[in-house]
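Position in the sequence shown (from 1) plus 482 gives the number in the numbering used here. In this text, a Cβ means the ideal position worked out from N, Cα and C, and glycines have one as well.
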Amino acid sequence: MRLLYLITRAEPGGAQVHLLELLRGFKDRAELHLGVGEDRDGFLIEEARALGVQVHILKHLLHPIRPHEDLLGLFEVASLLKRVNPHLLHAHSSKAGFLGRVAARALGIRSLFTAHGWAFTEGVSVGRKALAVTLEALAGRLGDGIIAVSEWDRNLALRYRVAAPNRIFTVWNGVPDTSHRADPAREPPRIAMVARFAPQKDHALLLTALASLRELPWTLDLVGDGPLLPEVQALAKRLGLAERVRFWGRRLDVDRLLAEVQVFVLTSNWEGLPLVVLEAMRAGLPVVATDVGGVGEAVVEGKTGFLVGRKDEAGLRERLCLLLENPALRASMGEAGRRRYEEAFTLERMFLETWRVYEEVLG
483 MRLLYLITRA
493 EPGGAQVHLL
503 ELLRGFKDRA
513 ELHLGVGEDR
523 DGFLIEEARA
533 LGVQVHILKH
543 LLHPIRPHED
553 LLGLFEVASL
563 LKRVNPHLLH
573 AHSSKAGFLG
583 RVAARALGIR
593 SLFTAHGWAF
603 TEGVSVGRKA
613 LAVTLEALAG
623 RLGDGIIAVS
633 EWDRNLALRY
643 RVAAPNRIFT
653 VWNGVPDTSH
663 RADPAREPPR
673 IAMVARFAPQ
683 KDHALLLTAL
693 ASLRELPWTL
703 DLVGDGPLLP
713 EVQALAKRLG
723 LAERVRFWGR
733 RLDVDRLLAE
743 VQVFVLTSNW
753 EGLPLVVLEA
763 MRAGLPVVAT
773 DVGGVGEAVV
783 EGKTGFLVGR
793 KDEAGLRERL
803 CLLLENPALR
813 ASMGEAGRRR
823 YEEAFTLERM
833 FLETWRVYEE
843 VLG
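Laid out in structure tokens, this is it:
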């Protein structure tokens with residue numbers, strides 16, 4: 483089988499890491515090609531080439547909506563499809579998913595799109611939601627199938643009639659196992675959040691909640707970069723937390739860092755099924771997260787961690803206080819999270835279910 487994967491950006495992120503795992507998992511089962519937008523950060527490009535994947539750079543496949551560039555990008559994707567002539571196009575990210583499905587339909591090539599969270603999910607602006615629904619509904623009619631990374635996302639797509647029910651498949655994300663395990667009961671507790679500094683992730687909610695718990699002996703590790711990093715650093719200073727918050731920037735050894743902390747937090751305003759939550763469960767950490775997207779399909783409330791409402795500062799503070807004061811609870815939730823990972827979120831399960839979707843789409 484000849485597979486062409488398509489994605490807009492090569493920078494490290496959930497969609498890129500997910501796609502890289504698919505390349506690793508299927509490199510011995512198919513001839514693999516990767517089409518990717520030109521990106522200053524070539525993380526995915528370098529990793530794919532190291533695997534022996536044929537990489538094709540598409541200089542007009544850009545993230546922002548720019549009609550002229552997008553038209554050129556459509557022709558560029560169509561040209562790539564003609565050259566590679568894959569049995570299946572598997573697109574990731576909204577722009578690549580739209581242009582890829584339009585071009586594939588015009589050329590009679592089967593196409594599949596993985597939605598790593600919808601652009602019309604809860605928490606996004608009304609204008610952005612309306613545009614996203616219109617474009618995804620059109621692309622959904624042109625493509626041959628959609629993989630949703632959570633049941634929540636599948637149900638959201640059905641609600642907005644993005645595609646017929648028999649063409650939307652749920653495949654939970656998976657992450658590779660490692661030997662790094664946390665000790666959640668260790669004192670004093672360290673808290674970690676791994677997320678891009680962007681409005682979606684709402685770091686301010688976490689800092690504000692922790693500012694009311696300064697009497698407890700915690701420290702906070704923030705991993706990632708992004709446009710709001712200076713703003714979040716300034717907020718930590720204003721709240722008097724500068725000595726207790728460490729900003730690590732981007733790290734490629736997140737599994738090692740998670741093995742050193744005792745509590746994991748994610749305060750996103752919207753998500754698909756975030757890999758970092760699965761990585762925290764894999765490490766044996768209790769997770770406190772906002773109940774958005776498919777997060778609640780991974781985190782079992784009261785068993786592997788706690789779920790709080792979006793923007794619920796009081797609820798977040800209460801759950802963090804409970805865990806910070808109770809090392810035994812941290813340990814039991816961490817063990818339950820590790821078991822949950824082993825049962826539902828391994829790479830092997832994700833590979834198996836994804837390949838089954840390929841076979842069904844190809845008939």
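DSSP, reduced to helix, strand and coil, places Gln498 within a helical segment of the structure shown. Of Phe679, Val584, Asn648, Pro712, the smallest CA-CA separation from Val843 is found for Asn648. Rounded to the nearest angstrom, the gap between the Cα atoms of Gly819 and Arg764 is 7 Å.
Ala601 carries a coil assignment under DSSP once its states are collapsed to helix, strand and coil.
Taking 9 Å as the cut-off, the Cβ atoms of Glu795 and Ala691 count as close. Contact check between the region 702-718 and the region 675-689: three or more CB pairs, one atom from each, fall below 8 Å, which counts as touching. Per DSSP, Thr701 is one residue of the beta strand (DSSP E) stretching across 701-705.
For Gly754, the closest C-alpha among the options Gly555, Gly496, Glu551, Phe746 is that of Gly496.
Residue environment for Lys577: buried (at least 16 other C-beta atoms within 10 angstroms of its C-beta). Within the same chain, and ignoring the five residues on either side of Asp635 in sequence, the residues whose Cβ sits closer than 7 Å to its Cβ are Ala597, Gly599, Trp600, Gly754, Gly775, Gly776. Judged by their CB atoms, Val727 and Ala716 are not nearer to each other than the 9 Å cut-off. Within the region 555-610, the runs of beta strand (DSSP E) that reach at least 3 residues and sit entirely inside it are, in chain order, 570-574, 592-597. Excluding its 5 nearest sequence neighbours in each direction, Glu513 has C-beta neighbours in its own chain below 6 Å: Arg484, listed in chain order. With fewer than 16 other CB atoms across the displayed protein chains lying within 10 angstroms of its CB, Val608 is exposed. In this structure, the beta-carbon distance from Val839 to Leu760 does not fall below 9 Å. When Leu739, Ser694, Val747, Val745 are compared, the shortest CA-CA separation from Leu721 is found for Ser694. Judged by beta-carbon spacing, Val758 lies beyond the 9 Å limit of Val631, meaning their Cβ atoms are not closer than that value.
Across the structure, Val745 and Leu811 are spaced so that their CA atoms are roughly 11 Å apart. Where Thr690 is concerned, there is no enclosing beta strand (DSSP E), although the alpha helix (DSSP H) around it starts and stops at 685-693. Cβ neighbours of Thr701 within its own chain (closer than 6 Å, five residues either side excluded): Arg672, Arg726.
Annotation: Val777 is outside any beta strand (DSSP E); the continuous alpha helix (DSSP H) that includes it extends over 777-780. Burial check for Arg491: the Cβ neighbour count within 10 Å reaches 16 or more, so the residue is buried. Given a length threshold of 4 residues, each whole run of the alpha helix (DSSP H) inside the region 746-812 is given here in chain order: 757-764, 777-780, 795-806. Put simply, the backbone Cα of Ala741 is about 15 Å away from that of Tyr823. Secondary structure of Ala724 (DSSP, three-state): coil.
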